[in-house]
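See structure below.
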Amino acid sequence: MNPLTGLYGAGIALRNTLFDHRVLASALLQRPVVSVGNLSAGGTGKTPFVIALGELLKERGRRFDILSRGYGRKTRGVRVVDPKGSASEFGDEPLLLARRLGVPVVVGESRYDAGRTAEQRFDSELHILDDGFQHRSLARDFDIVLIAPGDLQDRLLPSGRLREPFSSLNRADAIVMPQDVASEKSVPAGKSTWRMTREISLSGVCPSPVVFCGLGRPDQFFAQVRSAGVTPAAEIVFRDHHAYDMDDVQALLGARRELGAGGFLTTEKDAINLGPLQARLEHLAVATLKLTIDRSAELVNTILTRIADRKPRS
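Laid out in structure tokens, this is it:
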């Protein structure tokens, strides 16, 4: 094991202890905060989950906004996402959330400052804190943690992908995992669990496309594409949140010519990161990921009951 993993684990344990004993303070917003996060670095489906949760809240007539760091953006400070804007200005995932849900999304290094801006500008009843489990400097009323299949065998950073050990699940109010994860191996006794199913929606896909993505866990996307009956001519991986440039487009076009591929297939997030360069990739199809939460009405009821009787925690 990498010796730095032990140091990282000790640092995480100390930080959590300081928050648990209120040595480190958590700022409190006026309106309730529902955090959606995970234990590992990337690829657990936080963005599709926030979209699914947001759609459920909209069905109940609830008004909410979303707070995010805006990872990958080139700007700083607090900004309200313009759905017509770019990933470089707001970050790819906040932009996707704003476009899919049509609700206010506010980005900022300080999610407290982002939340204060949201409270001053919008008539929301609650905030959804995107990727918030480790952001303990902002108090929250309800903590949702997503678990990915690979998390069960993983290690802490930098040896593995885990940002926190599984013991941190004791802070969670709801734990959500895919259908194929055995809950008894991962969930502390007495914790409420929900299951989720992810389905990919494809339309306009040419035969044998060049499939490419810049995701935290690209293998999951490629497997879903193959399960949907698509046979890729090639599977090309870029780093997560990759900002595409003309060199990347030329490389993709070259791969298509060399392989005789029918076109291209990528994700919604990658389409956002391509921006205007999408027009250079003829016959580009964009896959949409839909996440379904089992017992979704029960989850929403649990959240709404909790935030009606506010007892926020760090």
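Going by the working numbering, the letters in the sequence shown line up with residues 1 to 314, in that order. We treat Cβ as the ideally placed atom computed from N, Cα and C, and that holds for glycine. Computed from a predicted model, the values in this text were never measured in an experiment.
Query: DSSP puts Gly150 in a beta bridge; with which residues?; Result: Answer is none; Gly150 lacks a bridge partner.
Query: Nearest to Leu24 by alpha carbon, out of Asp309, Ala234, Ala139 and Cys213?; Result: Ala139
Query: Counting pairs of Cβ atoms below 8 Å between the stretch 97-115 and the stretch 58-66, do you hit three or more?; Result: yes
Query: According to DSSP, simplified to helix, strand and coil, what is Arg295?; Result: coil
Query: Just how far apart, CA to CA, sit Ile236 and His21?; Result: 47 Å
Query: Assign Met196 to one of two classes, buried (16 or more other C-beta atoms within 10 Å of its C-beta) or exposed (fewer than that).; Result: buried
Query: Asn38 lies in the beta strand (DSSP E); which residues open and close that run?; Result: Val33 to Asn38
Query: Would you give the residue range spanned by the alpha helix (DSSP H) that Pro3 belongs to?; Result: Pro3 to Asp20
Query: Which residues in the same chain as Gln356 place their Cβ atom closer than 6 Å to its Cβ, once the five residues preceding and following it in sequence are excluded?; Result: This structure does not reach residue 356, given that the chain is present from 1 up to 314, and the question cannot be answered.
Query: If you scan the stretch 79-137 from start to end, which runs of the beta strand (DSSP E) of 3 or more residues do you find wholly inside it?; Result: 105-107 and 126-130
Query: For Gly91 versus Val107, is the C-beta spacing smaller than 8 Å?; Result: yes
Query: Mind checking who Glu199 pairs with in its DSSP beta bridge?; Result: Lys290
Query: DSSP on Asp248, reduced to helix/strand/coil?; Result: helix
Query: Would you decide whether Leu284 is buried or exposed? Buried here means 16 or more other CB atoms lie within 10 Å of its CB.; Result: buried
Query: Per DSSP, what kind of secondary structure is Asp143 in: helix, strand or coil?; Result: strand
Query: Counting contacts by CB-CB distance shorter than 8 Å, is Thr17 in contact with chain D?; Result: Of the protein chains in this structure there is only one, and it is not chain D.
Query: In angstroms with no decimal places, state the Cα-to-Cα distance between Gln220 and Ala243.; Result: 21 Å
Query: Taking one C-beta from the stretch 261-271 and one from the stretch 204-216 each time, how about it: are there three or more such pairs within less than 8 Å?; Result: yes
Query: Consult DSSP for Thr305 and reduce its assignment to one of helix, strand or coil.; Result: helix
Query: Within this structure, are the beta carbons of Val300 and Phe142 separated by less than 8 Å?; Result: no
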